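> To start, I am sharing the structure in question, which I have written as structure tokens.
4 protein chains.
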Amino acid sequence: MIITLKKNAPAAEVEKLTKSFEEKGLQVNEIKGQDFNVFGLVGDTSRLYERDILANMWVENVQRVSAPYKLANRMFHPEDTIVDVAGIKVGGHEKIVIIGGPCSVEGEDQICRIAQEVSECGADMLRGGAYKPRTSPYAFQGLGYEGILDLVKARELTGLPVVSELMSADKIDEFAEHVDLVQIGARNMQNFDLLKAVGHMNKPVLLKRGMSATIEEWIMSAEYIMANGNPNVILCERGIRTFEKYTRNTMDLAVIPIIKERTHLPIVIDPSHASGDWKLIEPLSLAAIAAGADGLIIEVHDHPSAAWSDGAQSLKPENFQTLIQKAKLVAQAIGREL
Amino acid sequence: MIITLKKNAPAAEVEKLTKSFEEKGLQVNEIKGQDFNVFGLVGDTSRLYERDILANMWVENVQRVSAPYKLANRMFHPEDTIVDVAGIKVGGHEKIVIIGGPCSVEGEDQICRIAQEVSECGADMLRGGAYKPRTSPYAFQGLGYEGILDLVKARELTGLPVVSELMSADKIDEFAEHVDLVQIGARNMQNFDLLKAVGHMNKPVLLKRGMSATIEEWIMSAEYIMANGNPNVILCERGIRTFEKYTRNTMDLAVIPIIKERTHLPIVIDPSHASGDWKLIEPLSLAAIAAGADGLIIEVHDHPSAAWSDGAQSLKPENFQTLIQKAKLVAQAIGREL
Amino acid sequence: MIITLKKNAPAAEVEKLTKSFEEKGLQVNEIKGQDFNVFGLVGDTSRLYERDILANMWVENVQRVSAPYKLANRMFHPEDTIVDVAGIKVGGHEKIVIIGGPCSVEGEDQICRIAQEVSECGADMLRGGAYKPRTSPYAFQGLGYEGILDLVKARELTGLPVVSELMSADKIDEFAEHVDLVQIGARNMQNFDLLKAVGHMNKPVLLKRGMSATIEEWIMSAEYIMANGNPNVILCERGIRTFEKYTRNTMDLAVIPIIKERTHLPIVIDPSHASGDWKLIEPLSLAAIAAGADGLIIEVHDHPSAAWSDGAQSLKPENFQTLIQKAKLVAQAIGREL
Amino acid sequence: MIITLKKNAPAAEVEKLTKSFEEKGLQVNEIKGQDFNVFGLVGDTSRLYERDILANMWVENVQRVSAPYKLANRMFHPEDTIVDVAGIKVGGHEKIVIIGGPCSVEGEDQICRIAQEVSECGADMLRGGAYKPRTSPYAFQGLGYEGILDLVKARELTGLPVVSELMSADKIDEFAEHVDLVQIGARNMQNFDLLKAVGHMNKPVLLKRGMSATIEEWIMSAEYIMANGNPNVILCERGIRTFEKYTRNTMDLAVIPIIKERTHLPIVIDPSHASGDWKLIEPLSLAAIAAGADGLIIEVHDHPSAAWSDGAQSLKPENFQTLIQKAKLVAQAIGREL
């Protein structure tokens, strides 16, 4: 960690600050510049927080050199983490996984019907929301536990592991029993109590990036889950909020190589939320594969215009099938399998 | 609601869509343009969701004309809501309120000492975090229940009502018993289960704007609380995330007149989180008062450089006092009292 | 265009407004809602400007239904525009083009050497900046006319058409004589005088997206060039400015299908500026190809760490060659040639 | 400047890099950390550019400690710069200036009529656009030279100095002869050729912040003007582009204390463009005064709904007068005069 002091910092203050770091077991190296003094701290700085140091009025600037995350850090864990979701392996050089299904579970018939369709198209897992985070209190809020049980029936029918969003820690038992991959949604990426709760689960977690989360904050949220005991985290990019209005969000594909360089965790892309428009799903999906994604999670509905939520960004099964065929070719082109 | 269809939409599809709206009790008016067909829906559209309609492949565009919120809407509730926080009135033409205190409660001594200081400076309420949302799992997470009890002691000592952040619904009873104004933090603004939970409380709620929430999404989150039975919501702007790096966030003061025009709820500004830098607190606070804010919430610590969190953005009591003196003059200049 | 009036708009004002539109040759259709009145304007609204209508105090909202651009609009020009750059065809179903070369021309030797290298790797055109837009007045500003002449020599040597950035209308003659594809940089995307000037040129233009330009503003800038007489515009995405700091900008690949749907112009991607980091160029380039880009423009330097500008985002020739080999495979996978 | 090397950087590379800095007259100090090596460069680093150093593959990170601007830097020029605009002083402890007038000059009658009105309301200068940067090529582009001559007549009538936007260097003579304060618009903030050109003028310059420019980039653009010989720069905040859609832009008032801390230049706020809505102008103007602005530039039109541009954000003279009266009181409250 590099700390820049104001040039006019009194010697006594500088000494006090130096001592405070040394007491934390850090070695302090000083550089005197023309207009500033700079300290370099050598040692384990992962428990120091930049903004706390900035509180000293003689400190001009603080810059972290080593990343604030340890467990997720590729530097200390060079080999890829492969997450096992009920037998389906995600990450590393494994087969690219395709997760398909409706935004919301709308009933046993609907989810079983769509589950069979996505399975026939070649999907590896089934997604479906039973608890739905909706901007409006007047919008459909999901079928709840009934929806979870419907997913279980769809799994029995097709064999596909199921992915569903957990919004509240009081449903942990339900998810532990019935869901194969527990999704933490973008709006809850920094719901730290929920992160700690899934950190104690014995189920893999799909952690979506918050809509205005930096890559570092996102990794720190994964670190929360890992630090609480659960190493099985899959990161999921779903677009970030920008000024552009033609798309619902802006998909940030640079995260794929960055996450792979800085962490050892698998990364999956959600082009449905990233774009909000079914016509954009195919090109964005192929782009994600080409950039090295470990998987895709895509909204599929057999009657998008009658869907209870997010129909605008749902693919019909026939388009989902075409997408998978094309995605296979792109995966081959970059030396991976799908 | 205005719905634009693609020019080449088949007549049968147009008829089907028209019928579907009429079945919901809406009146459908059509305008035929050169390149598009447009429908106007007349009636209560608050239960329609734009994106669901977009799912129809013949729909080009959907625009809401009336706001999606009802209970928070000034149109249906023209008089100002005045929220009563343990006797302190917030909103309307009431005295502007000042909420001061440390980021984190660090123990009984600290919070009682600072409470007395902010009280002597003229603050109306005491803030202090007992449960802390921290980006890093390795950072101080707050004293928890002990911190809440420390706040209670500070209240006994000074008479100041206490404000503290609730992060999880399982602490509702604790907050219902001990806290006067329940804060929902920026990171939980769309934690809808938590919003529903505080909607059932009999305590006023301070709802912070999410760091990338639009004004409309923020009002919709207030609507969640109100629709679940709690009308006592105070909105709090704390800066939004932008590309600028000199400040922690960008304070958006236009929200003050906008919130007052569109809703009847009080609005309070948090310049500490908006800027992240104590040197900017005073000018931003005076600006907020001049723009019509109903209150300020400011981080105050007697030893910022030793604070357990957010010292960089904490004012010392002497600077807090100066700020309040200046703020009184600005309040007078615009015809309000503080 | 759809115009929403306030419910309390006086009849006389509504009539006045209606008449003002009818005088412009538009047909006015009215819908009366519960809380609002809505007008639909039928006819050519491309000369109306939303914000001018909003100036009427009785107007609540204005929404454009048809796009504000005509010449660039796919609706009025369904077939793809193929731009010919000194014999190299860009757009439609043509071969995907690769433009490579250094950020700055640093002298005849350097540009000729790199030109030969990129040519051997398979590039179709040579890029090189002679006039450089630099944030600092103290940074290298480009070799100017000498740099242009050096590019000419590199073209003579390799046969590659040359692309270079024009920053000022007073250099038009120089560019008309020597440059094959005239680049308008992101910072000048709304330098309207410069757009008009290149609109009068008889050379194709590469129009970069401004770093905070919406897709619509970007197309409107193309419309400026086209409306002044030059139909040969190639659009170039180079990343937009967001809150994320790990990358220099955020590459927005959704623009590829959107530009192709809304306009008939070719689109090229610049992963070098989009990411600012040479390690990210390859995955982002492959993603762009997979999403349907008509070309790539990539910074290549044989000694990046000695480059006079932008070395951090420059590929070495050997990495550029690898990238092209992989890009060929991805292009094949989606049925295109490169 | 602080340079962080990768831990595995070969000794020979480190030595080469060290030597390259020493050859530039810099002193190089090294700190060896656990996972990284860090260099501190002591000396004049204003001619080094961070991104050029990053091009070295062994460099992990570069951080500038001293600001990249010299002439605008308060550190080297502690006293406030007072800019004289035809006798009106701007900056320091001078009277706060009010600049009012229409978006566009629409003819001699209109500008003379409005000039008299804003003069009677108490404005210090007259604004009016003769050359207009418009998003659409089909929108009114300004009266050009005729508009400049109309402004001259309005000045003769009222004595108010005139402010107008220069869009192209080929109009420099016209502006040098007739305009008192030369405005560089947001879209041209990084039109470096134009910045150099006004740097050679003998007239003060009003430099608007680009809509996605960081504070540092904005100051660097001022530095361009100053480095070319013109020290009379007034900075003008006009809102930045964010995700929020209720306002045209988001006004960033934190810039006022930041610009005053880091530079010695005056700063003026433009609430008209920052909000895009006349109803927001008054609260935002009072906020700007309270935060310490040296002036306001406000769009005023006597018939906003008939204005040829930007009517939606224009105040009527009577509202402008009320605003000035209120602004005087706020100015007094903070110890300044207006």
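Residue numbers (this note's numbering), protein chains in the order written: chain L, 136 to 473; chain S, 136 to 473; chain F, 136 to 473; chain W, 136 to 473.
We put the beta carbon where it would ideally sit given N, CA and C, even for glycine.
Nothing here was measured: the structure is a model prediction, and the numbers come from that model.
(1) At a Cβ threshold of 8 Å, is residue 288 of chain L touching chain F?
(2) Could you name each continuous alpha helix (DSSP H) segment of 4 residues or more that falls completely within the segment 262-332 of chain S, going from the start of the chain to the end?
(3) Under 7 Å Cβ-Cβ, which residues of chain L neighbour residue 378 of chain W?
(4) Report yes if the CB atom of residue 139 of chain W is closer than 8 Å to the CB atom of residue 185 of chain W, and no otherwise.
(5) Under 8 Å: do the segment 394-401 of chain S and the segment 412-423 of chain S share three or more Cβ pairs, one atom per stretch?
(6) Smallest Cα separation from residue 339 of chain S: which of S:173, S:178, S:285, S:330?
(7) Within its chain, find whatever has a CB closer than 6 Å to the CB of residue 424 of chain W; leave out the 5 residues flanking it on each side and keep chain order.
(8) Please identify the residue among L:323, L:413, L:353 whose C-alpha is closest to the C-alpha of residue 192 of chain S.
(9) Determine the burial state of residue 436 of chain L: buried for a count of at least 16 other Cβ atoms within 10 Å of its Cβ, exposed for fewer.
(10) Taking a cut of 7 Å between CB atoms, which residues from the segment 171-190 of chain F lie near chain S?
(11) Could you work out which residue in L:346, L:176, L:364, L:472 is closest to residue 200 of chain L when comparing CA atoms only?
(12) Enumerate, from N- to C-terminal direction, the unbroken alpha helix (DSSP H) stretches of 4 or more residues contained entirely within the segment 143-226 of chain S.
(13) So the candidates are S:137, S:457, S:422; which of them puts its Cα closest to the Cα of residue 173 of chain F?
(14) Assuming contact is defined by CB atoms lying nearer than 8 Å, are residue 342 of chain W and residue 370 of chain W in contact in what I supplied?
(15) Taking only beta carbons into account, state which residues of the segment 313-331 of chain L come closer than 9 Å to chain W, listed in chain order.
(16) Which whole-angstrom value is the C-beta distance of residue 431 of chain S and residue 234 of chain S, which I expect to be below 8 Å?
(17) If you draw a straight line from the alpha carbon of residue 180 of chain F to that of residue 226 of chain S, how long is it in whole angstroms?
(18) If we count the other Cβ atoms within 10 Å of its Cβ and call it buried at 16 or more, is residue 277 of chain L buried or exposed?
(19) By Cβ distance below 6 Å, which residues in the same chain neighbour residue 353 of chain L in space, the five residues on each side in sequence not counted?
(20) Kindly say whether residue 381 of chain S, judged by its beta-carbon, lies nearer than 8 Å to any beta-carbon of chain L.
(21) Any idea which residues DSSP pairs residue 398 of chain S with across the strands?
(22) To the nearest angstrom, how far is the alpha carbon of residue 328 of chain W from that of residue 312 of chain W?
(23) Measuring only the C-alpha atoms, how far is residue 299 of chain L from residue 395 of chain L?
(24) Taking only beta-carbon atoms, is residue 207 of chain F less than 8 Å away from chain W?
(25) In terms of residue numbering, what span does the alpha helix (DSSP H) encompassing residue 368 of chain W cover?
(26) To which residues does DSSP link residue 239 of chain S through a beta bridge?
(27) What are the boundary residues of the alpha helix (DSSP H) that includes residue 465 of chain S?
(28) Would the segment 254-267 of chain S count as touching the segment 277-292 of chain S if we require 3 or more Cβ pairs under 8 Å?
(29) Which residues in chain A have a C-beta closer than 7 Å to the C-beta of residue 445 of chain S? List them in chain order.
(30) From residue 206 of chain F to residue 333 of chain F, what does the alpha carbon distance come to, in whole angstroms?
(31) Could you tell me which chain S residues have their CB closer than 7 Å to the CB of residue 457 of chain W, listed as they occur along the chain?
(32) What are the residues in the segment 332-364 of chain F lying within 7 Å of chain W by C-beta distance?
(33) Please name the residues in the segment 388-411 of chain S whose beta-carbon is closer than 8 Å to at least one beta-carbon of chain W, in chain order.
(34) Would you tell me roughly how many angstroms separate the C-alpha atoms of residue 350 of chain W and residue 373 of chain F, rounded to the nearest one?
(35) Apart from the five residues just before and just after residue 316 of chain S, which ones in its own chain have a Cβ nearer than 6 Å to its Cβ?
(36) Taking the alpha carbon of residue 293 of chain S as the reference point, which residue from S:320, S:259, S:272, S:323 has its own alpha carbon closest?
According to the structure shown:
(1) No, residue 288 of chain L lies away from the interface with chain F (no Cβ there is under 8 Å from its Cβ).
(2) Look at the segment 262-332 of chain S and you find these whole runs of alpha helix (DSSP H), each 4 residues long or longer: 280-293, 307-313.
(3) Within chain L, the residues near residue 378 of chain W are 376, 377, 378.
(4) At a Cβ-Cβ threshold of 8 Å, residue 139 of chain W and residue 185 of chain W do not count as neighbours.
(5) The segment 394-401 of chain S is not in contact with the segment 412-423 of chain S.
(6) Comparing alpha carbon positions, the residue from S:173, S:178, S:285, S:330 closest to residue 339 of chain S is S:330.
(7) Excluding the 5 residues flanking it on each side, residue 424 of chain W has same chain C-beta neighbours closer than 6 Å at 462, 465, 466, in chain order.
(8) Nearest option by C-alpha distance: L:413.
(9) So residue 436 of chain L ends up on the buried side.
(10) Going along the segment 171-190 of chain F in chain order, one finds 171, 173, 175, 177, 178 with a Cβ nearer than 7 Å to chain S.
(11) Among L:346, L:176, L:364, L:472, the Cα nearest to that of residue 200 of chain L belongs to L:176.
(12) Here the runs fully enclosed are 146-157, 185-189.
(13) Of the candidates S:137, S:457, S:422, the residue whose Cα lies closest to the Cα of residue 173 of chain F is S:137.
(14) Yes, the Cβ-Cβ distance between residue 342 of chain W and residue 370 of chain W is below 8 Å.
(15) Residues passing the 9 Å Cβ filter: none.
(16) With 8 Å as the limit, residue 431 of chain S and residue 234 of chain S qualify as a contact, their Cβ atoms being about 7 Å apart.
(17) Going from the Cα of residue 180 of chain F to the Cα of residue 226 of chain S covers about 44 Å.
(18) For residue 277 of chain L, the number of other beta carbons within 10 angstroms of its own is at least 16, and it is reported as buried.
(19) Once the five neighbours on either side are set aside, the close Cβ partners of residue 353 of chain L are 344.
(20) Cβ-Cβ to chain L under 8 Å: no for residue 381 of chain S.
(21) Here residue 398 of chain S is bridged, per DSSP, to S:208.
(22) For residue 328 of chain W and residue 312 of chain W, the gap between their C-alpha atoms comes out near 20 Å.
(23) Rounded to the nearest angstrom, the gap between the Cα atoms of residue 299 of chain L and residue 395 of chain L is 25 Å.
(24) Taking a beta-carbon distance threshold of 8 Å, residue 207 of chain F does not count as an interface residue toward chain W.
(25) Unbroken run through residue 368 of chain W is the beta strand (DSSP E), 368-372; no alpha helix (DSSP H).
(26) Residue pairing for residue 239 of chain S: DSSP places it in a beta bridge opposite S:264.
(27) That run of the alpha helix (DSSP H) goes 452-468.
(28) Result yes; three or more Cβ-Cβ pairs closer than 8 Å.
(29) In the structure shown, chain A cannot be found, because the protein chains are L, S, F and W.
(30) So the two alpha carbons sit approximately 16 Å from each other.
(31) Among the residues of chain S, none has a CB under 7 Å from the CB of residue 457 of chain W; the nearest is roughly 12 Å distant.
(32) Across the segment 332-364 of chain F, CB contacts with chain W closer than 7 Å involve 346, 347, 352, 355, 358, 359, 362, in sequence order along the chain.
(33) 388, 389, 391, 392, 393, 396, 409, 410: these are the residues of the segment 388-411 of chain S whose beta carbon lies less than 8 Å from some beta carbon of chain W, given in chain order.
(34) Distance between the alpha carbons of residue 350 of chain W and residue 373 of chain F is about 22 Å.
(35) These residues qualify, in order along the chain: 220, 298, 339, 341.
(36) Cα-wise, what sits closest to residue 293 of chain S is S:259.
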